[in-house]
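Each remark here refers to the structure printed beneath this line.
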Amino acid sequence: MRILHITTKGPEEAGGVERVVREIATRQAKGDEVYVICSANKENKKYKGIKLVYVPKRKFMPRSLSGWIQTNREIAKINPDVIHLHDWSTFLQAYPIVNKYPHVITLHNSSYHIWKSTGSARSILYKVVEGLCLNLSNGLIVSVSPTLKNVIKRYYNIETEFIPNGVDITIFKPTGKKERLILQVSRLSKDKGVKEFLKCSDILKDYEFVIVGRGKLENEVSKHRAKLVKKYISNIELAKLYSKAAAFVMLSKSEGFGLAYIEALACGTPIVASHVGIAPYIIKKYKYAGVLAKDHREAARAIKELSKRKTSPQRLVSIVKREFNWDKIVREYYKLYKKVINNDKKAC
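Structure representation (structure tokens):
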């Protein structure tokens, strides 16, 4: 099978979507011919068996008409059996030729939902463009969480499949003993619930609160009982921090998936989360995995509750192995590929 992924940045780069493309495409490349159209380093022609096709980032839609033309030409040249697009914006980049091929769009978030949660007027524009792209597609659309699936249904009346993202359990795994440490790993912005985390630190004075990340709210941290780690931390060091934590807390306003929740569980750490992303799915299905909270007061009570439960780290790890296994996820995508290919043949 000849598979083409389209994403803004390359699989070798840092970032949540890039990590997803990397994990899926490298596994597929072991048995199939795999291409990725992206803005990766133009000197790199291959990455772990994946053939990279370079389109400058500045030429991704809506920045450049020439980039749009280039992408359509590259698709025709590759002539894939199936196209896997990552987020709605890459559909815009590949339109209209993409509708001539069987394709799957994985939504990692809703741009409209993100901007709406911040109260920005820009959200109206995103709703129009995002909705237009999803309605123009004749392929299958995937949401990475049931929460996102419901968001897309509510805003656009479009049914989507659910396939989650995964985590590398060879890196994110329990190491060392638990400490009285409460952790958040995220961008330091309002939409990530940073202020709620900081307020929670003022309530639970017998715990150390650590937040890892950078952003506009960095100066707020020193006003509370929390420590900021803004230097670069490798995934191995990050896994050690997750493993030490008594709980991982992130009360985001919007998440398509929320990879940090899964990384924490993979390291044997229970989560305190808002009703966004993959968190409600996990906690409703596995009540011992964590607690859902609306604000800092509920989060403080949740942390106390989790300390009494003393759930085995390995029990939390087993959730990740069962639900967020990359090999299982790739198999689910192959099923969708075959489905859209068969649908395309029937249409002909």
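Just so it is clear: in the sequence shown, position 315 is 314 by numbering that gives the first Met the number 0, and no numbers are missing. For glycine and all other residues, C-beta sits at the position ideal for the given N, C-alpha and C. Keep in mind the model is a prediction, meaning the values are calculated, not measured.
Judged by beta-carbon spacing, Cys37 lies within the 7 Å limit of Lys8, meaning their Cβ atoms are closer than that value. Gly175 and Lys307 have their alpha carbons spaced roughly 20 Å apart. For Lys230, the closest of Ile270, Glu160, Ile210 by C-alpha to C-alpha distance is Ile210. C-alpha of Lys226 to C-alpha of Leu305: approximately 22 Å in a straight line.
Contiguous beta strand (DSSP E) elements confined to the segment 44-114 occur at 49-53, 81-85, 102-106, taking only those with 3 or more residues. In the three-state reduction of the DSSP assignment, Lys226 falls in the strand class, which pools E and B.
Gly118 counts as exposed, since fewer than 16 other C-beta atoms from the protein chains shown sit within 10 angstroms of its C-beta. Measuring C-alpha to C-alpha distances from Ser88 to each of Ser110, Asn71, Leu216, Asn78 identifies Ser110 as the nearest.
In the three-state scheme derived from DSSP, where H, G and I count as helix and E and B as strand, Tyr34 is classed as strand. Excluding sequence positions up to five before and after Ile302, its CB lies within less than 8 Å of the CB of Ile181, Cys199, Leu203, Tyr206, Ala245, Ala246, Val248, Val271, all in the same chain and listed in chain order. Here DSSP, grouped into helix, strand and coil, assigns Arg1 to strand. In terms of Cβ geometry, Val228 and Glu254 do not form a close pair [threshold 7 Å].
If you check the CB distance, Ile82 and Tyr94 do not come in under 7 Å. For the pair Phe208 and Arg224, the Cα-to-Cα distance works out to about 7 Å.
Ser142: not part of any alpha helix (DSSP H); member of the beta strand (DSSP E) spanning 139-142, first to last residue. Within the model, the alpha-carbon separation for Ile151 versus Glu262 is close to 25 Å.
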